[in-house]
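What follows is a short report on a single structure.
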Amino acid sequence: MNILHHRATRPALALFSLAVPGLSLALEYSPARTYTENCVVAYKNDVFRAKWWVEAGHTPDEVATAPNPWDTPWEVAAQGSPTGCPGGDPVDPGHPDPGEPGKVWLSTLLAEEARLTSDPLMTAVRASIRTLDNASVEAVAPRRTGNPRNVRRVEAIIDESRFEYLFPLRAPEYTYRGFLQAVAKFPAVCDDYTDGRDAEAICRKTLATMFAHFAQETGAHESWRPIEEFRQALAYVREMGWNEGARDGYNGECKVDGWIVQTWPCGKYPDGTYKSYFGRGAKQLSYNYNYGPFSEAMYGDVGALLDAPERVADTWLNLASATFFFTYPQPPKPSMLHVIDGTWQPNDADRAAGLVPGFGVTTQIINGGVECGGSAEHAQSANRITYYRAFAATLGVPVAADEVLGCKGMKQFAEGGAGALPIYWENNWTEQAGCKLVGYQTPFSGLKPGDYVSCVRKAFPNVEIVDDTRD
299 MNILHHRATR
309 PALALFSLAV
319 PGLSLALEYS
329 PARTYTENCV
339 VAYKNDVFRA
349 KWWVEAGHTP
359 DEVATAPNPW
369 DTPWEVAAQG
379 SPTGCPGGDP
389 VDPGHPDPGE
399 PGKVWLSTLL
409 AEEARLTSDP
419 LMTAVRASIR
429 TLDNASVEAV
439 APRRTGNPRN
449 VRRVEAIIDE
459 SRFEYLFPLR
469 APEYTYRGFL
479 QAVAKFPAVC
489 DDYTDGRDAE
499 AICRKTLATM
509 FAHFAQETGA
519 HESWRPIEEF
529 RQALAYVREM
539 GWNEGARDGY
549 NGECKVDGWI
559 VQTWPCGKYP
569 DGTYKSYFGR
579 GAKQLSYNYN
589 YGPFSEAMYG
599 DVGALLDAPE
609 RVADTWLNLA
619 SATFFFTYPQ
629 PPKPSMLHVI
639 DGTWQPNDAD
649 RAAGLVPGFG
659 VTTQIINGGV
669 ECGGSAEHAQ
679 SANRITYYRA
689 FAATLGVPVA
699 ADEVLGCKGM
709 KQFAEGGAGA
719 LPIYWENNWT
729 EQAGCKLVGY
739 QTPFSGLKPG
749 DYVSCVRKAF
759 PNVEIVDDTR
769 D
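Just so we're aligned, residue 299 is where the sequence shown starts under my numbering, counting upward by one.
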């Protein structure tokens, strides 16, 4: 039988097993067994419930030692809870015969990935970073009736004449059509809401926030001009002092072998020297480890922009880099989108650090390590506040008297905060092939469907992944 194509009669695989029918009334925890969701076990005079599938060897002791609740599949159950598993007791998972490589079904790994990424916040983040296909993005044009709904909402707020007024000193590479395409690429920007939130108000605040940060990061900052400083944004499309002929720009990491270069390999010129990854675009995107993820989000290919970084300056990507940064979280930081639309709600740890909704926390997200936390407002943060007030007035965004606009005294986001979502896959460090979500960066993203399988393949090179998903 060809096991890669026949699904009806599967051979037994070494690493996984299913629960058998029946009901146990007294179930003691065993480290040799796996447990399904809602199994209740007795262990060391306490009772514990499995929140999801529990691999063999994961003991309820983890409840006391895990840094976060999601780092252990166990939770304490009420004393006196009956022990047992829905559908019956778990069975011993077994082990491969000596000399026989382990195997795992691809469908099992995909199901496990779906389960591990089913957290409501993870679901919301995945929805917020969805992208429109590039053919549809290329079709976007001002006043086109077929433009996506979020683009039409933006056009109703910022038409071409207003864009010209707001950005009179912009570099020629920044165009109104490119701005609309950058919005189109990320449908969550100025999207609809079905839960009562005011989509237009959120969109206006989004644009005022985004433009204020543009003014600080790419503005001319020339006070002698008759044009107000908040309208001097987008003056630079390339980092000051750099041009496309410049070599050795922000590419020191390219010369150091490691997983970062293996994941986001640097492009080279014909003479073998590395491409330069100096700041380009409205977010001044820098370094290969930022160009690579952006390239993958835009093209599904990390190499597209690593090989041709100039496209981040010369095309609509110069503004898409900003919408990309706006929608993507950097845990423990939430995304700016989720700050503005209210998805992010600070917990006690955030509030203790001064991290509360308002324009100021978006500065913390962008450049908090430099501009935030001092006893007085940093000059750059003060600029951002001035620009935000001006754009808010222009776009009809009310600024509440108690909104925190600055970030003085504001501490950085930490692991105990509401935005501390683990979004990277790492080896689960058990005998059973699988990966777990962690908060530190790895080559494998929990936001990218299929990366779980890539993580398992990397972490367990001797385990055969059998594709049972084909008809």
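Using N, Cα and C, we set each Cβ at its ideal position, and we do this for glycine too.
* Report the three-state DSSP secondary structure of K349 (helix, strand or coil). => By one-based count along the sequence shown, residue 349 stands at place 51. In this structure, K349 counts as coil in the three-state DSSP scheme.
* T334 versus Y589: straight-line alpha-carbon distance, rounded -> Along the sequence shown, read from residue 1 onward, the residue named residue 334 stands at position 36. Along the sequence shown, read from residue 1 onward, the residue named residue 589 stands at position 291. T334 and Y589: Cα-Cα distance of roughly 41 Å.
* Asked: Using a Cβ-Cβ cut-off of 8 Å (strictly less than) and excluding sequence neighbours within five positions of G494, which residues of its own chain qualify?
  -> Position 196 of the sequence shown holds residue 494. Same-chain partners within the cutoff: there are none.
* Mind checking who A340 pairs with in its DSSP beta bridge? => Here residue 340 refers to the residue found at position 42 when the sequence shown is read from its first residue. DSSP output for A340 lists E326, V345 as bridge partner(s).
* Which listed residue (E410, I427, F346) has its alpha carbon closest to that of T621 -> Counted from its first residue, the sequence shown places residue 621 at position 323. Among E410, I427, F346, the Cα nearest to that of T621 is on I427.
* Considering only residues of the segment 460 to 530, which uninterrupted beta strand (DSSP E) runs meet the minimum length of 3 residues and lie entirely inside it, listed in chain order? -> none
* Asked: In its own chain, which residues sit with a C-beta less than 6 Å from the C-beta of A364, not counting the 5 before and 5 after it?
  -> By 1-based counting over the sequence shown, the position of residue 364 is 66. Contacts found: T370.
* Is it buried or exposed for H356, if we count other Cβ within 10 angstroms and need 16 for buried? -> Locating residue 356 in the sequence shown gives position 58, counting from the first residue. That one is buried.
* With distances taken between CB atoms, is the gap from L478 to P440 smaller than 8 Å? -> To locate residue 478, count along the sequence shown from 1; it is residue 180. To locate residue 440, count along the sequence shown from 1; it is residue 142. Taking 8 Å as the Cβ cut-off, L478 and P440 qualify as a contacting pair.
* For E608, I'd like the list of residues in its chain whose CB is within less than 8 Å of its CB, leaving aside the five on either flank, ordered along the chain. => Taking the first residue of the sequence shown as 1, we reach residue 608 at position 310. If we look at E608 and ignore the five residues flanking it on each side, its Cβ neighbours are E542, R578.
* Whose C-beta lies closer than 6 Å to the C-beta of K349 among residues of the same chain, with five residues either side of it excluded? -> Position 51 of the sequence shown, counting from 1, holds the residue named residue 349. Excluding residues within five positions, the ones whose Cβ falls inside 6 Å are P371, E373.
* Asked: Does the distance from the C-beta atom of G656 to that of V702 stay below 8 Å?
  -> Locating residue 656 in the sequence shown gives position 358, where the first residue counts as 1. Locating residue 702 in the sequence shown gives position 404, where the first residue counts as 1. The answer is yes: Cβ separation under 8 Å.
* To do: Within the same chain, show all residues whose beta-carbon is closer than 8 Å to that of P396, passing over the 5 residues directly before and after it, in chain order.
  => What you label residue 396 is simply residue 98 of the sequence shown in a count that begins at 1. Only weak support exists for where P396 lies, its pLDDT of 36 falling under 50; the coordinates are left without a value.
* Asked: How do the segment 516 to 525 and the segment 663 to 678 stand: do at least 3 beta-carbon pairs fall below 8 Å, yes or no?
  -> no
* Inspect the beta-carbon positions of A712 and A647 and report whether they are closer than 8 Å. => The sequence position of residue 712 within the sequence shown is 414, counting from 1. The sequence position of residue 647 within the sequence shown is 349, counting from 1. Taking 8 Å as the Cβ cut-off, A712 and A647 qualify as a contacting pair.
* To the nearest angstrom, how far is it from the Cα of A480 to the Cα of N432? -> Here residue 480 refers to the residue found at position 182 of the sequence shown. Here residue 432 refers to the residue found at position 134 of the sequence shown. So the alpha carbons of these two residues sit roughly 11 Å apart.
* Asked: Taking the alpha helix (DSSP H) that V754 falls in, what are its first and last residues?
  -> Counting from one through the sequence shown, the residue named residue 754 turns up at place 456. Where V754 is concerned, the enclosing alpha helix (DSSP H) stretches over 749 to 757.
* Report yes if the C-beta of A718 is less than 7 Å from at least one heavy atom of the ligand COA; otherwise report no. => Ligands are entirely absent from the displayed structure, and the ligand COA is therefore not among its contents.
* Leaving out five residues on either side along the sequence, give the residues of the same chain with a beta carbon under 6 Å from the beta carbon of P720. => Looking up residue 720 in the sequence shown gives position 422. Counting only Cβ-Cβ distances below 6 Å, and skipping sequence neighbours, we find L735, V736, G737.
* **Top-ranked residue by Cα proximity to P367, from L745, R447, A718** => Numbered from 1 along the sequence shown, position 69 holds the residue referred to as residue 367. Considering only alpha carbons, the answer is A718.
* Give me whichever residues DSSP pairs with I558 in a beta bridge. => The residue given as residue 558 occupies position 260 in the sequence shown. According to DSSP, which records beta bridges pairwise, I558 is partnered with nothing at all.
* **Candidates W351, P485, G744: closest to L635 by CA position** => As a working note, residue 635 is residue 337 in the sequence shown. The option with the nearest alpha carbon to L635 is P485.
* Asked: Is E551 near Y597, with beta carbons less than 8 Å apart?
  -> Along the sequence shown, read from residue 1 onward, the residue named residue 551 stands at position 253. Along the sequence shown, read from residue 1 onward, the residue named residue 597 stands at position 299. Cβ distance not < 8 Å, so E551 and Y597 don't count as in contact.
* **Extent of the continuous alpha helix (DSSP H) run through L719** => Within the sequence shown, the letter at position 421 stands for residue 719. Per DSSP, L719 belongs to no alpha helix (DSSP H) and is neither H nor E.
* Asked: If we count the other Cβ atoms within 10 Å of its Cβ and call it buried at 16 or more, is S416 buried or exposed?
  -> For the purposes of this step, residue 416 is taken as the residue at position 118 of the sequence shown. The residue is exposed, with fewer than 16 neighbouring Cβ atoms inside 10 Å.
* **Buried/exposed call for F623, threshold 16 Cβ in 10 Å** => In the sequence shown, residue 623 corresponds to position 325, counting from 1. Buried, because 16 or more other Cβ atoms sit within 10 Å of the Cβ of F623.
* Asked: Within the chosen definition, does the segment 403 to 414 reach the segment 448 to 462 through at least 3 CB pairs nearer than 8 Å?
  -> no
* CA nearest to the CA of E458, picked from R447, P446, R442 -> Numbered from 1 along the sequence shown, position 160 holds the residue referred to as residue 458. Nearest C-alpha to E458: R442.
* To do: Could you spell out the range, first to last residue, of the beta strand (DSSP E) harbouring E608?
  => The residue given as residue 608 occupies position 310 in the sequence shown. No beta strand (DSSP E) holds E608; DSSP gives it neither H nor E.
* With contact counted as at least three CB pairs below 8 Å, one residue from each stretch, are the segment 638 to 645 and the segment 756 to 766 in contact? -> no
* Figure out for me which residue from G378, P380, Y341, G704 has the closest Cα to the Cα of V361. => Residue numbering aside, residue 361 sits at position 63 when the sequence shown is read from its first letter. Closest option to V361, Cα to Cα, is Y341.
* When DSSP labels each residue in this structure, what does C552 get in the three-state scheme? -> Your numbering for residue 552 matches position 254 in the sequence shown. DSSP places C552 in helix when its eight states are reduced to three.
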